[in-house]
Amino acid sequence: VGVQNFFENCSMLLLIGLYVLMERSGLPVVQAATIFGCVIFVSIGLIARARLRQERLA
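Taken in order, the sequence shown gives residues 103 to 160; the numbers are from this note's numbering.
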């Protein structure tokens, strides 16, 4: 549980840092939110794909 919380906190700090960089570069908020949404969507898709492959091999 402690390790999971650590990685969740690291992920949040990373995403906040990326958002701040996008904000400072002048990227509009809507585009920044769209980019984050796409990144999360692709990440979840990759995790789902990996789990499906694992289940097929088991």
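Where is the CB? At the ideal position from N, CA and C, for every residue including glycine.
Task: Whether L120 touches F109 by CB criterion (9 Å) - done: no
Open item on the list: DSSP three-state label for S127, please.
Closed with: coil
- [ ] Return the chain-ordered list of same chain residues with a C-beta closer than 8 Å to the C-beta of M114, the five sequence neighbours on each side being excluded.
- [x] none
Task: CA-to-CA distance, I146 to A152, given in whole angstroms - done: 10 Å
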